[in-house]
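Going by numbering that gives the first Met the number 0, 202 is the number at position 203 of the sequence shown; the sequence numbering is gapless. C-beta: ideal position from N, C-alpha, C; glycine also. Structure, as structure tokens:
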Amino acid sequence: MEMIRDCNENGIDSGITISCDRECVVLSGRKWERDIAELKNCIIFIDEGHNFVLSQDFATAIRHSSNYYVIVTRERLENIPYSVDEIYGIRTSGRYGELKSSYHEFYRLYENIPFKGNGKIENILTEDSNSGYQFFREIIQEHGGDCIAAAGKSNMAKAVMDSKGPVLVIADGAAFGPEMERITELMKIRDNIYLYLPESFEWLILQSGLILRENLLDMLAKPYAYIDSEKYFSWEQFFTEVLQDSTKGTIYQYAKSKLNPVYLHENNKMKILTAIRPLADRLGW
Numbered sequence: 000m001e002m003i004r005d006c007n008e009n010g011i012d013s014g015i016t017i018s019c020d021r022e023c024v025v026l027s028g029r030k031w032e033r034d035i036a037e038l039k040n041c042i043i044f045i046d047e048g049h050n051f052v053l054s055q056d057f058a059t060a061i062r063h064s065s066n067y068y069v070i071v072t073r074e075r076l077e078n079i080p081y082s083v084d085e086i087y088g089i090r091t092s093g094r095y096g097e098l099k100s101s102y103h104e105f106y107r108l109y110e111n112i113p114f115k116g117n118g119k120i121e122n123i124l125t126e127d128s129n130s131g132y133q134f135f136r137e138i139i140q141e142h143g144g145d146c147i148a149a150a151g152k153s154n155m156a157k158a159v160m161d162s163k164g165p166v167l168v169i170a171d172g173a174a175f176g177p178e179m180e181r182i183t184e185l186m187k188i189r190d191n192i193y194l195y196l197p198e199s200f201e202w203l204i205l206q207s208g209l210i211l212r213e214n215l216l217d218m219l220a221k222p223y224a225y226i227d228s229e230k231y232f233s234w235e236q237f238f239t240e241v242l243q244d245s246t247k248g249t250i251y252q253y254a255k256s257k258l259n260p261v262y263l264h265e266n267n268k269m270k271i272l273t274a275i276r277p278l279a280d281r282l283g284w
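Below you can see the structure in the form of structure tokens.
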């Protein structure tokens with residue numbers, strides 16, 4: 000952060016060179032809202048200690064921003080739908096023995112979450128009661144269980160604590176970042192909590208092979224090459240629009256609030272489950 004700021008303020012006299020296709024900017028101070036409004040297509044770094052990142056005003060300011068944000072903080076950013084895969088720790092390791100120089104490396108905090116046990120799942124917990132909930136409710140009821148809607152991702156941890164018996168938490172990984180610390184802490188003290196985080200339920204359907212669309216495979220492999228951050232606040236919004244546009248006027252027409260019964264036809268249901276086959280096999284689905 001200090002090196003980027005020094006380079007921007009003092010240029011060549013700083014002795015620092017930034018090699019990047021986009022302008023890199025350190026954001027701080029009371030005029031952050033004005034600065035965000037003026038900056039376009041930049042990589043914006045925000046160091047810890049700036050509490051404005053916790054506010055709804057900050058979330059609103061970046062909602063239609065074309066910038067990419069790197070935020071250093073130990074806090075949960077509840078107002079921002081960030082991906083589970085984009086939460087990093089920084090490791091410092093000695094490199095030169097006695098000289099005590101060091102280097103820093105990023106690592107994903109939640110890359111390999113263990114799937115404990117092979118017990119029968121009694122309940123599934125989803126964020127809301129939309130189409131994903133309706134699909135998984137059908138699946139779990141066939142196996143004698145039930146599906147519970149938490150009425151929002153911020154309620155997921157409490158719903159897990161209130162659940163009895165083994166529970167499978169299914170949430171949109173593309174926006175579930177703020178809740179990961181609380182859920183993984185619960186997983187440390189209870190062995191019967193299972194976690195499955197696809198990008199979104201719409202992403203699962205697109206992965207299933209049911210939907211045909213030009214460039215779809217490339218979109219799924221490299222969504223970052225297609226998603227305009229000014230238009231979509233989260234990847235989940237992008238995949239929902241792609242699915243809705245791709246199925247409009249067809250038998251697969253998709254609505255987020257109410258699941259089209261065609262997705263529950265046996266062959267279609269099995270194709271969607273194929274996208275989560277390792278998990279489905281372990282659960283006996």
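Practice item. Put leucine 53 into one of helix, strand or coil per three-state DSSP. Key: helix
Review point. When we look at the beta-carbon of methionine 269 and count the other beta-carbons within 10 Å, is it buried (16 or more) or exposed?
Key: exposed
Exercise for review: Compute the distance between the beta-carbons of valine 71 and isoleucine 45, then report whether it is under 8 Å.
Suggested key: yes
Check your understanding: The alpha helix (DSSP H) with threonine 125 in it runs from where to where?
Key -> Unbroken run through threonine 125 is the beta strand (DSSP E), 122 to 125; no alpha helix (DSSP H).
Practice item. Would you grab the beta carbon distance between alanine 148 and threonine 125 for me? Rounded to a whole angstrom, and I think it's under 8 Å. Key: 6 Å
Point to revise | Whole-Å CB distance - valine 24 paired with phenylalanine 175, under 8 Å assumed | key: Valine 24 to phenylalanine 175, Cβ: 28 Å. No contact.
Review point. Less than 8 Å separating the beta-carbons of glycine 88 and tyrosine 106?
Key: yes
Exercise for review: Using DSSP bridges, identify the partner residues of threonine 91.
Suggested key: His103
Check your understanding: Does the beta-carbon distance from asparagine 267 to leucine 209 come in below 8 Å?
Key -> yes
Check your understanding: So, glutamate 213 versus phenylalanine 238, is the Cβ gap smaller than 8 Å?
Key -> no
Exercise for review: Return the CA-CA distance between lysine 230 and isoleucine 61, expressed in angstroms with no decimal places.
Suggested key: 11 Å
Check your understanding: Can you give the beta carbon distance from asparagine 40 to arginine 21, rounded, assuming they're within the 8 Å contact cut?
Key -> 6 Å
Review point. To which residues of the same chain is glutamate 312 closer than 6 Å at the C-beta, ignoring the five residues directly before and after it?
Key: Not covered by the structure: residue 312. The range shown for the chain is 0 to 284.
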